[in-house]
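Data first, discussion second: the structure below is written as structure tokens.
Residue numbers (the numbering used here): 932 to 1040.
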């Protein structure tokens, strides 16, 4: 992993990574930038993660790497990980899949 660069034109650049190799922080003469990730490895707002840690609130929205809830929309999955139900503001959508994980039926309220 690249941890630092000494560039005569741009100055020093430094990088910090987490144990699995994701970039967490960069520093240069232009400033400092931080990055954060959810349990599924998706890039998220670092301020949101710090606030959740400060309040000791669970921030997990992706359980078993399946999205359960996002922006007011809720998701439910079958035993094979296929989306079976989605609902938002009282409106529900249902999905059915065949044995080859192909969508066979969609129903919207």
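Where is the CB? At the ideal position from N, CA and C, for every residue including glycine.
Keep in mind it's a predicted model, so treat the numbers as computed, not measured.
(request) Specify, as a first and last residue, the run of the beta strand (DSSP E) that residue 1041 falls within. (result) With the chain covering 932 to 1040 only, the question about residue 1041 has no answer from this structure.
(request) From the DSSP output, in three-state form, read off residue 945 for me. (result) Strand.
(message) Just to confirm my understanding: we take residue 1019, look at its own chain, exclude 5 residues before and 5 after, and list those with CB closer than 8 angstroms. What are they?
(response) Cβ neighbours of residue 1019 within its own chain (closer than 8 angstroms, five residues either side excluded): 1003, 1004 and 1005.
(request) Reducing DSSP to helix, strand and coil, say where residue 1040 ends up. (result) Residue 1040: coil per DSSP, three-state reduction.
(message) On a Cα-Cα basis, can you pick out the residue from 1009, 959 and 1024 that is closest to residue 1030?
(response) Nearest neighbour of residue 1030 by Cα position, chosen from 1009, 959 and 1024, turns out to be 1009.
(request) Answer with buried or exposed for residue 967, where buried requires no fewer than 16 other C-beta atoms within 10 angstroms of its C-beta. (result) By the neighbour-count criterion, in which 16 or more other beta carbons inside 10 Å mark a residue as buried, residue 967 falls on the buried side.
(message) Rounding to the nearest angstrom, what Cα-Cα distance links residue 957 and residue 940 in this structure?
(response) One C-alpha to the other measures close to 17 angstroms.
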